[in-house]
Each structure stands twice: as C-alpha cells, then as structure tokens.
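Notes follow the structure.
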DNA sequence: ACGACCGTCCTATCGGTCTAGGACGGTAGG
DNA sequence: CCTACCGTCCTAGACCGATAGGACGGTCGT
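In structure tokens form, the structure reads like this:
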C-alpha cells in the first residue's frame with residue numbers, strides 16, 4: 021500500500037492516510053475481511069505518530085469502510101469497496117470540476133486540458149498492471 | 021473583487037486572499053497603478069483579521085504583483101498582470117493535471133471529464149461579460 | 001497645520017493538528 | 001497459562017496559522 025505521507029502538504033497526514041487506505045480498498049489491494057496494517061506498524065512505515073494512524077482508522081470506521089476489533093486488528097468491511105469507490109468517484113469529480121473551472125478561467129486552451137486527461141489515462145494504464153500483479157499475488 | 025473567504029477550507033484565508041487579488045489583476049479588474057482595497061477595508065469585507073490581509077499583501081509584494089507605499093496604499097505594479105497570468109496558468113495546470121490523474125484513477129470515464137471541461141468553458145463565457153462591464157466601468 | 005486614512009509592526013491568545021510517551025484491557029498462538 | 005501483539009485511551013507539549021487589540025509613523029486633502 022502507498023503510505024507516503026507529505027508532512028508539508030496542506031492536507032493533514034491523517035487524511036492522507038485515509039485516502040491511501042481508501043485507494044487500496046478501491047483498487048482491490050485490500051479485500052473485505054483483509055486486515056489493515058497495525059497501528060504501530062503503519063505509523064512506523066509512514067513516519068507518523070501512532071495517534072495519527074488511530075485517528076485515520078477511526079475516520080475510516082465512521083465512513084463504514086473498515087471495522088476495528090479490539091485486540092485483533094482493523095478489517096475491511098463487506099461494504100468497504102463500495103464505500104471507497106463511491107467516495108473516490110464523488111471526491112475526484114468535484115475536485116476535477118473545480119480544477120477545470122479554474123484552468124479555463126485562467127485562460128487555458130480546452131485542447132491542452134483534454135490532452136492532460138489523455139496523458140493521465142495513459143499513465144494510469146501503465147501503473148494498473150502492477151496493481152493487478154500485487155492483488156493476484158496476495 | 022471576489023472577497024469571499026471560506027474559513028472551513030483547507031487553504032488558509034491569507035492564500036485565498038492572494039488568489040482573489042491575482043484573479044482580479046489577471047482579469048484586468050485591477051490594472052497597473054490601481055490601488056488595492058485598504059487593509060482594514062478588505063479585512064472588514066472579507067470578515068478576516070487585518071493581520072491576515074497584511075500577510076496576503078506581503079505575499080503579493082514578494083510575488084512582484086503589487087507594491088505597498090507606506091501611508092498611501094498598495095498598488096498594482098506594471099508587471100502585475102503578467103505575473104498574475106503566469107502564476108495562474110502554471111498553478112491551474114498543475115492542479116488540473118493532479119485532479120485529472122486522480123479522477124482517471126478513480127475510474128471516471130474520459131468522456132465525463134471532457135464534458136466537465138466543456139461545461140466549465142460555458143460557465144466562464146457567461147461570467148466573462150460581467151467582468152468586461154466592470155472593467156469598462158472603472 | 002491638522003485630521004483622516006494608510007501600511008506596518010508588536011504582543012498575547014486561541015484553535016486545530018500532530019507529536020511524545022505511557023498505560024489499559026482484549027485477542028490469539030504456543 | 002503466558003507472552004506477544006493488538007486497538008484504544010490519556011495527558012502533555014510543540015507548532016502553525018488566524019485572531020484580537022493596540023501602537024507607531026507616513027501620506028494626503030483641506
């Protein structure tokens with residue numbers, strides 16, 4: 021799972037962790053019933069405080085994507101993939117609309133923006149292969 | 021000028037003010053030599069602290085878009101429009117690329133995204149008329 | 001000269017977030 | 001049973017940005 025956390029970003033580390041976990045669930049990297057990394061383990065890997073991971077896991081539980089079992093671990097719920105995908109669809113569309121409006125307002129040519137989309141799709145198809153490998157290996 | 025500041029946003033109020041002023045300069049709403057709103061006036065209008073406006077004005081001066089004259093006011097520099105346009109072009113393209121990549125990764129159809137661009141362009145052409153009126157009136 | 005307005009600076013405080021470190025009880029495998 | 005690991009909670013502190021309020025000197029029209 022992608023656990024890179026940028027401490028200089030405007031979006032707080034805990035939210036970056038939430039997004040990373042949701043991405044992993046939506047991508048099928050974490051399936052329902054799978055156990056998430058331990059609080060201390062993920063904290064060490066992402067170089068953040070365990071309390072920050074706790075907060076992220078609590079947010080994920082409130083979203084219904086995961087459930088924590090005391091003393092055992094945090095697990096992906098059956099509804100996890102649906103929740104993660106729905107959230108990502110809504111969020112990314114909203115931010116994309118804002119970004120598109122801002123870019124158009126700044127004077128960017130529509131053709132340049134379309135090219136950026138095509139480029140993003142191309143870059144995605146390359147990375148998609150790796151994700152599939154990781155899943156089949158798990 | 022658009023001085024709406026969202027206190028709940030992740031981007032700090034001072035940066036929102038910077039963006040709003042740059043937008044106004046890039047749109048021609050504020051021409052070189054024009055005086056920006058007073059620190060206290062803008063603070064009252066945007067419902068923020070005068071110190072927050074001071075910080076925004078200082079950032080704008082560092083960018084080279086404005087210059088403050090002690091006791092008189094803050095004025096748009098000759099290079100202001102160029103600076104503002106260049107900044108907006110670079111910033112909006114970067115955020116657009118990120119948003120596009122995220123949207124594609126989330127599974128959005130390329131056609132949906134293209135439609136969002138077209139829609140943004142349509143919305144812009146409507147608002148552009150007002151901006152032109154305001155400028156010709158000034 | 002005077003008064004209103006201006007930008008600037010200063011100190012103190014508050015709120016949110018992350019960090020630090022320790023403690024508790026539950027779970028599970030040997 | 002016992003040990004290791006787990007999630008959870010707590011207190012305390014640091015940090016950053018915005019807020020609050022006051023003070024200073026410069027500018028400009030009258």
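Chains as they are written, first to last, in the working numbering: chain H, 21 to 158; chain L, 21 to 158.
The beta carbon of each residue, even a glycine, is placed where N, CA and C say it ideally should be.
Bear in mind the structure is a predicted one, so any value in this text is a computation, not a measurement.
Relative to the alpha-carbon of residue 139 of chain L, which residue among H/142, H/143 and H/133 has its alpha-carbon at the smallest distance?
Answer by Cα proximity: H/133.
What separation, rounded to the nearest whole angstrom, lies between the Cα atoms of residue 83 of chain L and residue 28 of chain L?
So the alpha carbons of these two residues sit roughly 26 Å apart.
If you draw a straight line from the alpha carbon of residue 76 of chain L to that of residue 118 of chain L, how long is it in whole angstroms?
Their backbone Cα atoms lie some 25 Å apart in a straight line.
I need the DSSP call for residue 152 of chain L, collapsed to helix, strand or coil.
Here residue 152 of chain L scores only 45 on pLDDT, less than 50, and its place in the model should not be relied on; the value that follows carries that caveat. Helix.
Counting contacts by CB-CB distance shorter than 8 Å, is residue 140 of chain L in contact with chain H?
Cβ-Cβ to chain H under 8 Å: yes for residue 140 of chain L.
Express the C-alpha separation of residue 79 of chain H and residue 88 of chain H in angstroms, rounding to a whole number.
Straight-line Cα distance between these residues: approximately 11 Å.
Work out the CA separation of residue 92 of chain L and residue 135 of chain H for me, nearest whole Å.
Answer to the nearest angstrom: the Cα atoms are 47 Å apart.
Between residue 107 of chain L and residue 42 of chain L, is the Cβ-Cβ spacing less than 8 Å?
A contact, by the Cβ cut-off of 8 Å.
With H, G and I counted as helix, E and B as strand and the rest as coil, what does DSSP make of residue 97 of chain H?
It is coil, neither helix nor strand.
At the 8 Å Cβ level, is residue 37 of chain H part of the contact set with chain L, yes or no?
No, residue 37 of chain H lies away from the interface with chain L (no Cβ there is under 8 Å from its Cβ).
Using C-beta distances below 6 Å, list every residue in its chain close to residue 73 of chain H, excluding the 5 sequence neighbours before and after it, in chain order.
If we look at residue 73 of chain H and ignore the five residues flanking it on each side, its Cβ neighbours are 59, 62 and 63.
Excluding the five sequence neighbours on either side, which residues of its own chain have a C-beta within less than 7 Å of the C-beta of residue 104 of chain H, listed in chain order?
These residues qualify, in order along the chain: 42, 45, 46 and 85.
Label residue 31 of chain H either buried or exposed according to how many other C-beta atoms from any shown protein chain fall within 10 Å of its C-beta, with 16 as the threshold for buried.
Flag for residue 31 of chain H reads exposed.
Since I believe residue 125 of chain L is in contact with residue 124 of chain H (beta carbons under 8 Å), could you give me their beta-carbon distance rounded to a whole number of angstroms?
22 Å between Cβ atoms; not a contact.
Could you pull out every residue in the same chain whose Cβ sits closer than 7 Å to the Cβ of residue 53 of chain L, ignoring the five residues on either side in sequence?
Contacts found: 95 and 96.
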